[in-house]
Structures are given as C-alpha cells and as structure tokens.
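Notes follow the structure.
Residue numbers (the numbering used here): -10 to 164.
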C-alpha cells in the first residue's frame, strides 16, 4: 500500500472516530477549553498512548519505516502559540475542523480556509525564520529513551500505566 493510500485510509478512520466520539461538536470544544469536559483530552490522549505502543511494537518487529523528526524548541514554541491561539478563536482544532465540516458545520470551512492562508503565509516567511527563530533549540531527531539512554519500553510501560490511571480518574470525576 502506498503512503498516500494508507494516509487516506487512516485519516478517514480517524475522522470516523472523531465523529463517533462527538469531539467535533462545538460544546465539546468549549467544554475542553474551559476544563469542564475532558472528552477531547481523553480521546487524544488515548490515541497518543495507542500510537506510542503501536509505533514501538512495529519498530521492534522491524515492520516500520518511521523517521523521528528533529526536536526544535523554537519551532515548537511558535507552533504551540499559533495552535493555542487558533483553537479558541475558531472553536475547533485542525482535526476536529475537518470532522465538523464533514458533519455539516459550515463554520469549520472558514477556519479551514484560515488554516490554508496561515500555511501559505508561513511558507512565504519560512526562509526568513528558518535559520534564526525556527533553528533555536535544535536538538536533531531525539526521543526520550535516547536522552535517558534506556530501552523505549522502560518509558512506555510506566507512561501507559500512568495514562490509563489518569483516564480512569477523569472518568470517575465525570469529566
């Protein structure tokens, strides 16, 4: 299967799961931003936990071609700022905007249009930022197991266990 085909299939599956979890609903988005409804946090955190286990299991089986992207603190800070500003302004994060549009929420289209304009703007200013702000804090392709000089599973197992306990705690709190 080609990368584009597998991306399309997994993207569609993710979209279905977003819709089934009802995380593309405006009230869920606002509830998450106000820390009153943790449905989105639980959905995304469980996806992160599942992905972490799957990626390292595939790596150990020799069935992956995953490349770790470089750690660049400047780029992460700028991206986090833009994401943190855009989500409450739009009422959707990028993934849920696509799901919301698929559900017929036409306001998501304007947000997606804004994302495209933002991406075009970033592409234009990238050469000016590439060697200064976006290079600040460049550490290359780095993972936590590499930093700690341990096997990845020494990090994954306790992280997943703590994650499951955290998700259960959120459920018990009714969040």
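Glycine included, every Cβ here is placed at the ideal spot set by N, Cα and C.
- The beta-carbon distance between residue 81 and residue 8, rounded to whole angstroms, is 13 Å. This is too long to meet the 8 Å contact definition.
- DSSP places residue 61 within a strand segment (E or B) once states are collapsed to three.
- Beyond the five residues adjoining it in sequence on each side, residue 164 comes within less than 6 Å, by CB distance, of 27 in the same chain, given in chain order.
- Under the Cβ criterion (8 Å, minimum of three pairs), the segment 138 to 150 counts as touching the segment 33 to 44.
- Taking C-beta atoms as the reference points, residue 105 and residue 98 fail to come closer than 8 Å.
- For the pair residue 34 and residue 10, the CB atoms are not nearer than the 8 Å cut-off.
- Nearest to residue 22 by C-alpha distance, out of 76, 161, 151, is 76.
- Contiguous beta strand (DSSP E) elements confined to the segment 77 to 124 do not occur, taking only those with 3 or more residues.
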